[in-house]
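Participant: Input: one structure, supplied below.
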Amino acid sequence: MSDAESPLDADLGPTEQDDFEPVQVFDDGAGMDLRPGADNCYKCTSCDTSCPVAEVNDDFPGPKFQGPEQWRLKRKSDEDIDDSIMSCSNCMRCDDACPSGVPLSQMHNTARGEYVEEQMDKLSTEYIRNRILSNYRTSAEIASKVPRLANFAMNFGPARWVMEKTLGVTSEREFPEFAEQTFREWWQERGGPQVRSEEKRVAYFHGCYSNYNTTEVGKAMVRVFEEFGYEVVVPQQRCSGTPMFANGMLDDAKRAAGINVENFAGLIPEGYDIIASCTSCSLSLKQEYPELFDIDGIQDLASHTYEAMEYLRIHEDLEGELADASVSDRSFAYHAPCHARNQGLDRQAVELFRDVDGVTIEDVGDSCSGISGTYGWKEEKYETSMKIGEDMFDHMDHAEGNVGMTECPTCSMQMEHGTGYDIEHPLQLIEDALV
Amino acid sequence: MPIREDVLVVGGGLAGSFAALAAAESGASVRLLSHKKSTLRQASGLIDVLGYVDGEGPHADPFAAMAELSDDHPYSVVGEEAVREGLRLFDEAVGDAYRGGHTETNALVPTHGGTVKPTARYPESVAPGLASIDGDALFVGFESLTDFEAPLAADHVAASGVPFNVRGATLRFPMAFRADAKVTRYARALDKNERVDGTGVRRALAEAVKEELDGEARVGFPAMLGDDHAEEVRRDLSDRLGAAVFEIPTGPPSLLGLTLEDILFDALDDAGVRMSVGNPVVDYEATDGRVDVVYVDQKHKRVPYHAEEFVLATGGLVGKGIRSNRERVEEPVFGLHVPHPDDRYEWSESAAFGDHAFARFGVVPDGEMRPTTERGEPQFENLRAAGGVVGGANTARENSASGVSLATAAVAGTRAGEEARR
């Protein structure tokens, strides 16, 4: 045993990852020191066996290479980032597979950002396409002004053919429908909060999808929380950043994060907690924000952000309320999104609903749906995406229920695409049962 | 106090899983909290009970050998009936997937390093390879799977004095994968019988092995022979080779460990055990000597989990249930008493495989697995411990890690369940 003082030896905390603070030791002016993370890797390859992309794509080197190995290579000499980093779907399953606290997804996000910044041609079709896809909110904002026209145009055959040929957006998928009234328009129309409370206050991070597309999820969130006596506010907001991280557009993500932090963090001293209904949004605010950006108030925002059902489980007797409720007979095939797994929330829907009168719910297994946000929308990734999803489709097919359920908007696209089922969000079932 | 169960088990490895199953048998509601995915994928998938005592062995009868253990060994504390109870729980959970339950005698299982390990339960696919079975054996390894060196492993097994001839051969796997492809990739190719050069990979593999086969009655491969259709893969290869086919347990990522992980998940789910995986337990609150609540660090938030009874199964020094720094050794969640010499140079021996003191570091349990204070009193009335966090056993040297986990889990889980239901 060396007598040299090691910061890890001195630390008796239970996890390296949570105690891990990026510090600047190399004076290269940018980036964060990921050395303690890389040094924790003892190459057991647990991460590689949990990677859904590596499972179907023999050419993908896997998370261990993308994270600690690539990091070491770069330290040794001025190596470029390997372009395979763009095939990582950012499902982040490697994070909780690692028994040694290596911050894999943080390393991947950092490497991907560097690759896009320094090695990708900004005039290439791929860059432009990725930029458009990751800034979904911008397109959706325009489309939602003319929802009917947009719904027609976006799924108009010849237009889709052109999009595939010129932009590399797969024509295999149906674009999600834009709601005729956005969630925020509905919120304005109803006159904002219907419940006022000094003690029970939440600020809703609805994200893009429940604002422009599945507005019923946002409405269910509001009604359920108001039923429990919460004052709900809906601050102005930008994209959570999830699609931007996955495409290495860290500047875009940082800009959006800055606005979100500004609009939400100020509410915390007034007693508000932040609630998201999309599990990728909640994971982004909880984990990726403080891991990637140094913005005043970002840690405070992260540690006050909750997934909606998680919040009710912690603060209300949700289980007890549901035990006394009943709904007309429904059968669900539930898929846990990877980003829910990462928060330890992958079992809560099944555990909560399986004893509710009238509800049958079956977990369709631990496979990834394969779409991973914008990933499955890319023409060159579509096939990989569907291969990853095969297990889930198969299990959904065998499940008793013929309505799908998940918390993630793009998982729900994939579930619908692969099975033709209608897909619901758990909040909608809670609304049915309790409101 | 909304998130509440009768029994809360902290730790999702072998000990945690079986403590949860034992508690669930009593009718209690049970939740399992695990920081990370199951560590079983790093384990061999073998279930050992006791092979060596003080470096002597292998012992044929683990129960007889227990008499030689010191009084503070977990087996001495819980008694051999608890070990039998742990094995019963295991046998019920895994069903036909495992063998060895027909006898109390240790089986001798060749491992990928070529040692012969005394083992109480072993996966069905391992069974034809036992060193106690007569019949010459061929070990087959592959150039691209560098973790298993078949000729070396075979020489080691031969040198241990087995009553048959054993020989190793390194072949080229009939399909080419990327240089560092995992065993899971090979398993999938065999599972799906992927095509190679106009034929199925199983057939191509059997033909390559057949050329090497020289009358041996059985052929061993590193554990890679399929996943969802493993039985079919083995039968197919066996038919084509005219020899029994078996798997040799490997290091991580261990296919046999992954399979056991899946089996246990199903068993826990069937038993109604709730599971929350992905965040560590970092703190607790207690009143009047009873733990009321533990706190999970959910991405920098403290989320409370309440219960009547608690079981701590967070592992030993390797599993991070016990931590050490330059001054002391600690149990980090509850700050439980972990006896150790003040001088840290007494924690280890100079010989790498010596009888290290650190290997025995852990909490000191009373008769019903409650960790005790320095004065020997239970630290908390309703906190029990199971598995590697319990001190007193050098499980690596004894080949006893799984048995200690099962026996202590049986006692801790059953008592926790009974108390919660009172």
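Protein sequences, first through last, are from chains A and B.
Following this note's numbering, the numbering of the first sequence begins with 1 at its first residue and continues without gaps.
Following this note's numbering, the numbering of the second sequence begins with 436 at its first residue and continues without gaps.
We treat Cβ as the ideally placed atom computed from N, Cα and C, and that holds for glycine.
Flag D9/A as yes if its beta-carbon sits less than 7 Å from any beta-carbon of chain B, otherwise no.
Facilitator: The predicted position of D9/A is uncertain, since its pLDDT is 39 and thus under 50; no value can be drawn from it.
Participant: Under the three-state reduction of DSSP, which class applies to G418/A: helix, strand or coil?
Facilitator: Helix.
Participant: Grab me the residues of K200/A's own chain with a C-beta within less than 6 Å of its C-beta, minus the 5 sequence neighbours each way, in chain order.
Facilitator: Cβ within range, chain order: G229, Y230.
Participant: Let me know the alpha helix (DSSP H) ranges lying completely inside the segment 303 to 388 of chain A, each 4 residues or longer, listed in chain order.
Facilitator: For the segment 303 to 388 of chain A, whole alpha helix (DSSP H) runs of length 4 or above, ordered along the chain, are 308 to 315, 318 to 323, 338 to 341, 348 to 353.
Participant: From the DSSP output, read off the bridge partner residues of F554/B.
Facilitator: Per the sequence shown, residue 554/B should be read as Thr rather than Phe. Bridge partners of T554/B: A542/B.
Participant: Helix, strand or coil for D28/A per DSSP?
Facilitator: Its pLDDT being 48, under 50, D28/A is placed unreliably in this model, and the coordinates cannot settle the point.
Participant: Give the straight-line distance between the Cα atoms of H470/B and G447/B, rounded to the nearest whole angstrom.
Facilitator: Whole-angstrom Cα-Cα distance: 8 Å.
Participant: My assumption, with CB atoms under 8 Å, is that G692/B sits in contact with S840/B. Please give the rounded CB distance.
Facilitator: Actually they are not in contact, since the Cβ atoms of G692/B and S840/B sit about 14 Å apart, beyond 8 Å.
Participant: Take R795/B as the anchor and find which of V444/B, P776/B, S785/B has the nearest alpha-carbon.
Facilitator: Answer by Cα proximity: P776/B.
Participant: Taking Cβ-Cβ distances shorter than 8 Å, what residues in chain A pair up with T474/B?
Facilitator: Those are P99, listed as they occur along chain A.
Participant: Could you give the C-beta distance for Y289/A and A302/A, rounded to a whole number, given that I count them as a contact under 8 Å?
Facilitator: Sure, about 5 Å apart at Cβ, within 8 Å.
Participant: Which one of N628/B, G770/B, D632/B, G596/B has the shortest CA to CA distance from S859/B?
Facilitator: Coverage of chain B is limited to positions 436 through 857, which leaves residue 859/B absent and any answer about it impossible.
Participant: I482/B: buried (16+ other C-beta within 10 angstroms of its C-beta) or exposed?
Facilitator: With 16 or more Cβ atoms within 10 Å of its Cβ, I482/B is classed as buried.
Participant: Determine whether the Cβ of Q926/B lies closer than 7 Å to any Cβ atom of chain A.
Facilitator: No answer is possible for residue 926/B: it lies beyond the span of chain B, which begins at 436 and ends at 857.
Participant: List the residues of chain A whose Cβ lies closer than 7 Å to the Cβ of M659/B, in chain order.
Facilitator: Ordered by position in chain A, no residue passes the 7 Å Cβ test against M659/B, which lies about 12 Å from the chain.
Participant: Can the beta-carbon of S284/A be found less than 7 Å from the beta-carbon of S240/A?
Facilitator: Yes, the pair counts as a contact, with Cβ atoms nearer than the cut-off.
Participant: Quick check on G207/A - is its C-beta less than 7 Å from some C-beta in chain B?
Facilitator: Not closer than 7 Å to any Cβ of chain B, the Cβ of G207/A fails to qualify, so no.
Participant: In the DSSP assignment, what residue or residues form a beta bridge with Y115/A?
Facilitator: DSSP output for Y115/A lists no bridge partner at all.
Participant: If the cut-off is 9 Å on Cβ atoms, which residues from the segment 606 to 617 of chain B count as contacting chain A, listed in chain order?
Facilitator: Going along the segment 606 to 617 of chain B in chain order, one finds F612, R613, D615, A616, K617 with a Cβ nearer than 9 Å to chain A.
Participant: When the Cα atoms are used, what is the spatial distance from L427/A to E416/A?
Facilitator: Using only the alpha carbons, I get a separation of about 18 Å.
Participant: Using a Cβ cut-off of 7 Å, pull out every chain A residue sitting near R709/B, in sequence order please.
Facilitator: In chain order: R347, E351.
Participant: Out of T419/A, E118/A, R173/A, point me to the one whose CA is closest to E379/A's CA.
Facilitator: Comparing Cα-Cα distances from E379/A to each of T419/A, E118/A, R173/A, the minimum goes to R173/A.
Participant: Would you decide whether L459/A is buried or exposed? Buried here means 16 or more other CB atoms lie within 10 Å of its CB.
Facilitator: Because residue 459/A is not part of the residues shown, which for chain A are 1 to 435, the question remains open.
Participant: Taking H741/B as part of the beta strand (DSSP E), name the residues at either end of that continuous run.
Facilitator: H741/B -> beta strand (DSSP E) spans 736 to 747.
Participant: Per DSSP, what are the beta-bridge partners of T605/B in this structure?
Facilitator: For T605/B, which the question treats as bridged, DSSP gives the partners G576/B.
Participant: On a CA-only basis, which of G373/A, E407/A, L149/A, D366/A is nearest D394/A? Give me that one, please.
Facilitator: With distances taken between Cα atoms, D394/A lies closest to D366/A.
Participant: Tell me whether the segment 682 to 700 of chain B and the segment 548 to 561 of chain B touch, counting them as touching only if at least three CB pairs, one residue from each stretch, are closer than 8 Å.
Facilitator: At 8 Å Cβ cutoff, the stretches touch.
Participant: If you measure from the beta carbon of K387/A to each beta carbon in chain B, is any gap under 7 Å?
Facilitator: Chain B, which has no Cβ nearer than 7 Å to the Cβ of K387/A, makes this no.
Participant: Comparing the C-beta of S240/A with each C-beta of chain B, is any distance below 7 Å?
Facilitator: So no, S240/A is outside the interface.
Participant: DSSP state of A265/A, grouped into three classes?
Facilitator: Helix at A265/A.
Participant: Does G271/A get closer than 7 Å to chain B when you measure Cβ to Cβ?
Facilitator: No, its Cβ sits nowhere closer than 7 Å to a Cβ of chain B.
Participant: From V146/A, V195/A, F156/A, pick the residue whose C-alpha is nearest to that of Q181/A; which is it?
Facilitator: Among V146/A, V195/A, F156/A, the Cα nearest to that of Q181/A is on V146/A.
Participant: Between the segment 454 to 473 of chain B and the segment 489 to 503 of chain B, are three or more C-beta pairs nearer than 8 Å?
Facilitator: No, because fewer than three Cβ pairs between the segment 454 to 473 of chain B and the segment 489 to 503 of chain B fall closer than 8 Å, the two stretches do not touch.
Participant: Any Cβ of chain A within less than 7 Å of the Cβ of G713/B?
Facilitator: Taking Cβ atoms only, chain A reaches closer than 7 Å to G713/B, which makes this a yes.
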